[in-house]
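What follows is a set of notes on a single structure, which appears directly below.
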Amino acid sequence: MPRRKHSPPATAPEATSGAAVRSLWSGTITFGLVSIPVDLLSAVRPRQTALKLVDKGGHALGRQYRCSKENKRLDNDDLVRGYETEAGKMVEITDAEFESVAPEMSADIELRNFVPLQQIPIIYFQKPYFLAPAGKSVKAYHLLAATMERTGRVAIGSFVLRGHEYLVAIVADNGVLRADTLRYADEIRTPGAMDLPKRAKAPAKKVDQIVKEIDELTRGELDVAELADQDARALQQLVEAKQKEGDSVIHPSGLEAADDLEAPAGGGKVIDLMAVLRKSLSKNVRVNNAESGPPIDLAERRARKQKATAKSPSRKRSTTPRKASRKRSGRA
Amino acid sequence: MARAIWKGVIELGRHSVGVKMYSAVEDHTVHFHMLHRTDDAPVEQHIIRKDTGKEVGKEEIRKAFALNKTTAVLLEPADLEKLVPPESRDIHLCRFVAPSVLSDQWYERPYYLGPDTDEDSYFALVQAIERKKVIGIARWVMRKKRYVGALSALNGYLVMSTLRRADQVLSFSGVEPAKTAAPQASELKLAEQLVSSISADFEPEQWHNEYRKRVCQLIEAKARGEKIDRHVPKKRAPQASLAESLRASIAAAKEKKVA
């Protein structure tokens, strides 16, 4: 599919090291009578700026569940979901019951039709997941990916994960299948819901003027610097300054993210995406990330710099374009 | 009536277009409570120290930036305050690109932009974007946070979708099927036939959250005290060869169309 024209500047060897992502679900894509076992992996990494929770003294903090009646510490196995009815009654629903509601949906993603990708409005896309082949044979997986890329179509289907049904577009992207969750039509507001003024034809001259402005700003490609995390830069400077002062450097063990969206309840196993795909799909897979700055840890960066200067000059050159791209992000 | 959550000004060359921002989505998710399995009491979340297991009060909690697994830099609230970007109403357009340049993975949350006062300028911008068939890459600061978004036109109005950051989005290269796993020309042909036999236009209204409905029915039945039958999932029939499965699927799809 001609969807990713921007080529991530992932030339530095560090940039392609495997990405840690969560494995969330195992199931089967069914496509006519063909079935393809897959594992669903989260495709969105937490932001680099994600902060960890500690106390004033620098000790790592974590979350814990406790029973409100017994004040007892609870593990994931002690938990069950409940729904409060309008009458205020709490109804307990077990995992088995959640599954029994639609057993086939909990195990399968049935591809029900194939639609042109460009027909799906941006507003529908919610969250992407990667699908890694889980069966012994990857032939059907490759076949589905190749067919979708050749026809420019994506498959629409749905599946159930942890008590929710997700509508998905299965998208083939450079040989890897992705399940992009979509919003349901009833979750998207219509302009009428906001009382927006009726559509009106704008003065032709004004439209022409704005078209000219758009033309001047139109480019063939993205600039990754414009999509970069600007907060990361400010944070980096702050962290470096504090590191030099030294007072705020702490050594906690077992740090946990302050806002890890997938965690903590049954967040799934953390796996190395590249290792998984190399094993299950194709041995030369590379995971690319559009942006990966130098390490913020001063000690680590010094060590890396020394290593680079000790090596041949050709290695040295490879760091230059990355420096340039960082400068760009500062200007944007 | 949904209310505007923010007001801003789109800056485009010599033109400024005042806009009001509205959430474009409505949450219909069925929300559950976490209960303790044995006594159905609600579950509380506590923040504890990992080494001692002792509870930590809110005023004791700080954030830290982890340099590696064992070293971090503690950030005081005053430090974090310094990171807050300066307030502004400007929505800065960096560039326009063809929509196909941005993969779907980037899109996070959509907002409608409606006109603030000058409807002529607003609709002129909508119609110019429609004519050029482009999306705009925009940056702005809203409620103390920086955002990157894609500005597009949908059904005659502006939609701004916030984008994920470059470090969050992953892509792949180098996927080459091993010889034994590479699809053969005949299989590709059959697969394309099958795809075209179940091809359609994207009609979002035809997709309903069937499961949500069934869960609501289950809740109602349980609230009335009814017993719930357990369904056991069927075992899948063993698979025939890929080509045979494709042929049988095409035949089945054709039958469906006739009926």
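Order-wise, the sequence lines are chains X and R. By our numbering, the letter at position 84 of the first sequence is numbered 84, and the numbering carries on one by one without gaps. Positions in the second sequence are counted from 1; adding 1000 to them yields our numbering. Using N, Cα and C, we set each Cβ at its ideal position, and we do this for glycine too. Here the structure is a predicted model, which means the values were calculated and not measured.
Practice problem: Can you give me, in chain order, the residues of the segment 169-193 of chain X that have a beta carbon less than 8 Å from any beta carbon in chain R? | Solution: Ala-169, Val-171, Asp-173, Asn-174, Gly-175, Val-176, Arg-178, Asp-180, Leu-182, Arg-183, Tyr-184, Ala-185, Asp-186, Glu-187, Ile-188, Arg-189, Pro-191 and Ala-193
Quiz prompt | N-terminal and C-terminal residue of the beta strand (DSSP E) that X/Glu-165 is part of | solution = If you number the first sequence from 1, residue 165 of chain X lands on position 165. Per DSSP, X/Glu-165 belongs to the beta strand (DSSP E) from 164-173.
Practice problem: Output the distance between the C-alpha atoms of X/Ala-228 and X/Asp-78, rounded to the nearest integer angstrom. | Solution: By one-based count along the first sequence, residue 228 of chain X stands at place 228. By one-based count along the first sequence, residue 78 of chain X stands at place 78. Cα to Cα, X/Ala-228 sits roughly 41 Å from X/Asp-78.
Quiz item: Apart from the five residues on each side of it in sequence, which residues of its chain come closer than 6 Å, Cβ to Cβ, to X/Val-270?
Solution: Your numbering for residue 270 of chain X matches position 270 in the first sequence. Cβ neighbours of X/Val-270 beyond the five flanking positions: Ala-20 and Arg-22.
Practice problem: Give the DSSP bridge partners of R/Ser-1161, in chain order. | Solution: Residue mapping note: residue 1161 of chain R aligns to position 161 of the second sequence, counting from 1. According to DSSP, R/Ser-1161 bridges with R/Pro-1110 and R/Ala-1150.
Self-check item: For X/Asn-288 and R/Phe-1032, believed in contact at Cβ under 8 Å, the rounded distance
Solution: For the purposes of this step, residue 1032 of chain R is taken as the residue at position 32 of the second sequence. For the purposes of this step, residue 288 of chain X is taken as the residue at position 288 of the first sequence. Not really, about 38 Å apart at Cβ, beyond 8 Å.
Quiz item: What does R/Ile-1260 reach in chain X if we use C-beta pairs closer than 9 Å?
Solution: A query on residue 1260 of chain R cannot be resolved here, the shown segment of chain R reaching from 1001 to 1259 and no further.
Exercise. Check whether the Cβ atoms of R/Ala-1243 and R/Ser-1186 sit closer than 9 Å, and answer yes or no.
Key: What you label residue 1243 of chain R is simply residue 243 of the second sequence in a count that begins at 1. What you label residue 1186 of chain R is simply residue 186 of the second sequence in a count that begins at 1. Against a cut-off of 9 Å, the Cβ pair of R/Ser-1186 and R/Ala-1243 comes out as a contact.
Quiz item: Per DSSP, which one or two residues make a beta bridge with R/Glu-1055?
Solution: What you label residue 1055 of chain R is simply residue 55 of the second sequence in a count that begins at 1. DSSP lists R/Ile-1048 as partners of R/Glu-1055.
Quiz prompt | Check whether X/Pro-46 and R/Gln-1168 have beta carbons under 9 Å apart | solution = Sequence index remark: in the first sequence, residue 46 of chain X carries index 46 (1-based). Sequence index remark: in the second sequence, residue 1168 of chain R carries index 168 (1-based). Result yes, Cβ atoms of X/Pro-46 and R/Gln-1168 sit closer than 9 Å.
Quiz item: Relative to the alpha-carbon of X/Glu-104, which residue among X/Ala-132, X/Arg-304, X/Phe-159 and X/Met-148 has its alpha-carbon at the smallest distance?
Solution: Position 104 of the first sequence, counted from the first residue, corresponds to residue 104 of chain X. For X/Glu-104, the nearest C-alpha among the options comes from X/Phe-159.
Quiz item: Any Cβ of chain R within less than 9 Å of the Cβ of X/Gln-306?
Solution: In the first sequence, the residue the question calls residue 306 of chain X occupies position 306. X/Gln-306 does not count as touching chain R.
Quiz item: Going by other Cβ atoms of all chains shown within 10 Å of its Cβ, with 16 needed for buried, is X/Glu-245 buried or exposed?
Solution: Walking along the first sequence from the start, residue 245 of chain X turns up at place 245. Exposed, since its Cβ has fewer than 16 Cβ neighbours within 10 Å.
Quiz prompt | Euclidean distance between Cα positions of X/Gln-64 and R/Leu-1083 | solution = Position 64 of the first sequence, counting from 1, holds the residue named residue 64 of chain X. Position 83 of the second sequence, counting from 1, holds the residue named residue 1083 of chain R. Taking the straight line joining both Cα atoms gives about 30 Å.
Quiz item: Using the C-alpha atoms, what's the distance from R/Ala-1128 back to R/His-1015?
Solution: Numbered from 1 along the second sequence, position 15 holds the residue referred to as residue 1015 of chain R. Numbered from 1 along the second sequence, position 128 holds the residue referred to as residue 1128 of chain R. Their Cα atoms are separated by approximately 13 Å.
Practice problem: Could you check what DSSP says for X/Gly-266 in three-state terms: helix, strand or coil? | Solution: Stepping through the first sequence from its first residue, residue 266 of chain X is reached at position 266. Interpretation of X/Gly-266 is limited by its pLDDT of 44, a score under 50 that renders its predicted location unreliable; no figure is taken from the coordinates.
Quiz item: So R/Thr-1071 is in the alpha helix (DSSP H); what residue range does that whole segment cover?
Solution: By 1-based counting over the second sequence, the position of residue 1071 of chain R is 71. No alpha helix (DSSP H) holds R/Thr-1071; DSSP gives it neither H nor E.
Quiz prompt | Cβ of X/Ala-19 within 9 Å of any chain R Cβ | solution = To locate residue 19 of chain X, count along the first sequence from 1; it is residue 19. Chain R, which has a Cβ nearer than 9 Å to the Cβ of X/Ala-19, makes this yes.
Quiz item: In three-state DSSP terms, what is X/Pro-203?
Solution: Walking along the first sequence from the start, residue 203 of chain X turns up at place 203. X/Pro-203: coil per DSSP, three-state reduction.
Quiz item: Going along chain X in order, which residues have a C-beta closer than 7 Å to the C-beta of R/Pro-1077?
Solution: Working through the second sequence from its first residue, we reach residue 1077 of chain R at position 77. Residues of chain X passing the Cβ test: none, with the nearest at roughly 11 Å.
Quiz prompt | Listed by chain order, chain A residues near X/Ser-253 by CB distance under 9 Å | solution = Of the protein chains in this structure, namely X and R, none is chain A.
Quiz item: Identify the residues that DSSP records as bridge partners of X/Tyr-124: which are they?
Solution: Looking up residue 124 of chain X in the first sequence gives position 124. Answer is none; X/Tyr-124 lacks a bridge partner.
Quiz prompt | Cβ neighbour criterion (16 or more within 10 Å) applied to R/Cys-1216 | solution = If you number the second sequence from 1, residue 1216 of chain R lands on position 216. The residue in question, R/Cys-1216, is exposed, as its Cβ has fewer than 16 Cβ neighbours within 10 Å.
Quiz prompt | Per DSSP, the bridge partner or partners of X/Arg-81 | solution = Counting from one through the first sequence, the residue named residue 81 of chain X turns up at place 81. X/Ile-93 and R/Met-1034.
Quiz item: Cα separation between X/Ala-263 and R/His-1046?
Solution: As a position in the first sequence, residue 263 of chain X is number 263, starting the count at 1. As a position in the second sequence, residue 1046 of chain R is number 46, starting the count at 1. Confidence is the limiting factor: at X/Ala-263 the pLDDT is only 44, short of 50, which leaves the residue's position unreliable, though a coordinate-based value still follows. Distance between the alpha carbons of X/Ala-263 and R/His-1046 is about 14 Å.
Quiz item: Helix or strand or just coil, what does DSSP make of R/Phe-1202?
Solution: Taking the first residue of the second sequence as position 1, residue 1202 of chain R is located at position 202. In the structure shown, R/Phe-1202 sits in coil (DSSP, three-state: anything other than H, G, I, E or B).
Exercise. May I have the straight-line CA-CA distance separating X/Gln-119 from X/Val-154, to the nearest angstrom?
Key: Position 119 of the first sequence, counting from 1, holds the residue named residue 119 of chain X. Position 154 of the first sequence, counting from 1, holds the residue named residue 154 of chain X. For X/Gln-119 and X/Val-154, the distance between alpha carbons rounds to 10 Å.
Quiz item: Three-state secondary structure (DSSP) at X/Ala-134?
Solution: Within the first sequence, residue 134 of chain X is the residue found at index 134, counting from 1. Residue state, collapsed to three classes: coil.
Quiz item: Distance, Cα to Cα, X/Leu-261 vs R/Ala-1182?
Solution: Here residue 261 of chain X refers to the residue found at position 261 when the first sequence is read from its first residue. Here residue 1182 of chain R refers to the residue found at position 182 when the second sequence is read from its first residue. With a pLDDT of 37 at X/Leu-261, under the threshold of 50, the predicted position of this residue should be treated as unreliable, though the coordinate-derived value follows. One C-alpha to the other measures close to 37 Å.
Self-check item: C-beta atoms of X/Met-148 and X/Ala-132 nearer than 9 Å
Solution: Sequence index remark: in the first sequence, residue 148 of chain X carries index 148 (1-based). Sequence index remark: in the first sequence, residue 132 of chain X carries index 132 (1-based). Taking 9 Å as the Cβ cut-off, X/Met-148 and X/Ala-132 do not qualify as a contacting pair.
Quiz prompt | Cα-Cα separation between X/Glu-86 and X/Ser-100, rounded to whole angstroms | solution = Counted from its first residue, the first sequence places residue 86 of chain X at position 86. Counted from its first residue, the first sequence places residue 100 of chain X at position 100. The straight-line gap from Cα to Cα measures roughly 24 Å.
Quiz item: What separation, rounded to the nearest whole angstrom, lies between the Cα atoms of X/Ala-265 and X/Pro-128?
Solution: Here residue 265 of chain X corresponds to residue number 265 of the first sequence, with the count starting at 1. Here residue 128 of chain X corresponds to residue number 128 of the first sequence, with the count starting at 1. Note that X/Ala-265 has pLDDT 40, beneath the 50 cutoff, so the model's placement of it is unreliable and no number is given.
Self-check item: Cα-Cα separation, X/Gln-126 to X/Gln-306
Solution: Walking along the first sequence from the start, residue 126 of chain X turns up at place 126. Walking along the first sequence from the start, residue 306 of chain X turns up at place 306. Cα-Cα distance, rounded: 43 Å.
Quiz prompt | Element boundaries [alpha helix (DSSP H), containing X/Ala-232] | solution = Counted from its first residue, the first sequence places residue 232 of chain X at position 232. Its alpha helix (DSSP H) spans residues 230-245.
Practice problem: Note down the Cα distance separating R/Ala-1178 from R/Val-1017, rounded to an integer number of angstroms. | Solution: Within the second sequence, the letter at position 178 stands for residue 1178 of chain R. Within the second sequence, the letter at position 17 stands for residue 1017 of chain R. Roughly 54 Å separates the two Cα atoms.
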